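Residue numbers (this note's numbering): 2 to 189.
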């Protein structure tokens, strides 16, 4: 089994040190994900850039949360679901949205449900979404720009979810109260 290092500013490769300093400055701590990613300065820099760009999209905070958590739940990320639950609270996203995403139950609006459905198709079908499904997304009030923004969110989540799967990154203490396990359905 591969052991992954959770770097501090002192132990990180030189190119990661300023990235971890920014994490500390922006979060008041170094998130476990960043500490693990720091072993590859290129990955941490790419992840931070993708995050910054996704935050700058045309989507609302609720819509960003739907994209992130849909992918986190679909990819069964033990670290990102609790982290994004806490982030959604900081962004003042309605708890009903967060709980529906965590529990894979219906979202409060048809538009958010269309976003979840489309995001799942992008992930599951690796971008080969049918014209009919794409049109349903557009008919729900989204745009071609939003399609590209979902792709950006998926790229960001691929980096974090896959890192956490390999590293088994412990959930940050601040997010432990939002611990999550996917509910399994009983066999019929």
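For glycine and all other residues, C-beta sits at the position ideal for the given N, C-alpha and C. Every value quoted in this text rests on a predicted model; they were computed, and no experiment measured them.
Contact set for residue i: own chain, Cβ-Cβ below 8 Å, skip 5 residues either direction
i: residue 63; result: 94, 95, 98, 113
i: residue 33; result: 7, 80, 170, 171, 172, 173
i: residue 60; result: 68, 147, 150
i: residue 175; result: 30, 87
Residue j beta carbon less than 8 Å from that of residue i
i: residue 74; j: residue 105; result: yes
i: residue 25; j: residue 39; result: no
i: residue 102; j: residue 70; result: yes
i: residue 110; j: residue 92; result: no
i: residue 51; j: residue 153; result: yes
i: residue 124; j: residue 88; result: no
i: residue 167; j: residue 9; result: no
i: residue 133; j: residue 115; result: no
6 Å CB neighbourhood of residue i in its chain, flanking five on each side removed
i: residue 119; result: 138
i: residue 76; result: 162
i: residue 43; result: none
i: residue 144; result: none
Closest by C-alpha distance to residue i, when choosing among the options
i: residue 165; options: 61, 43, 175, 36; result: 36
i: residue 183; options: 28, 177, 78; result: 78
i: residue 100; options: 175, 181, 142, 131; result: 181
i: residue 47; options: 84, 178, 132, 158; result: 158
i: residue 178; options: 117, 108, 90, 144; result: 90
i: residue 84; options: 128, 28, 129; result: 28
Same chain only: Cβ atoms within 7 Å of residue i, ignoring 5 sequence neighbours per side
i: residue 17; result: 8, 39, 42, 45
i: residue 156; result: 51
Inset, instruction - Would you list, in sequence order, the uninterrupted alpha helix (DSSP H) runs of no fewer than 4 residues that lie entirely inside the segment 6-58? - result: With a minimum length of 4 residues, the continuous alpha helix (DSSP H) runs that stay inside the segment 6-58 are 18-28, 33-38, 42-56.
Inset, instruction - Pick out the complete alpha helix (DSSP H) segments inside the segment 49-121, 4 residues or longer, and give them in chain order. - result: Here the runs fully enclosed are 62-75, 81-91, 96-104.
Inset, instruction - Would you mind listing the alpha helix (DSSP H) stretches within the segment 130-164 that are 4+ residues and don't spill past its ends, in chain order? - result: You should have 132-140.
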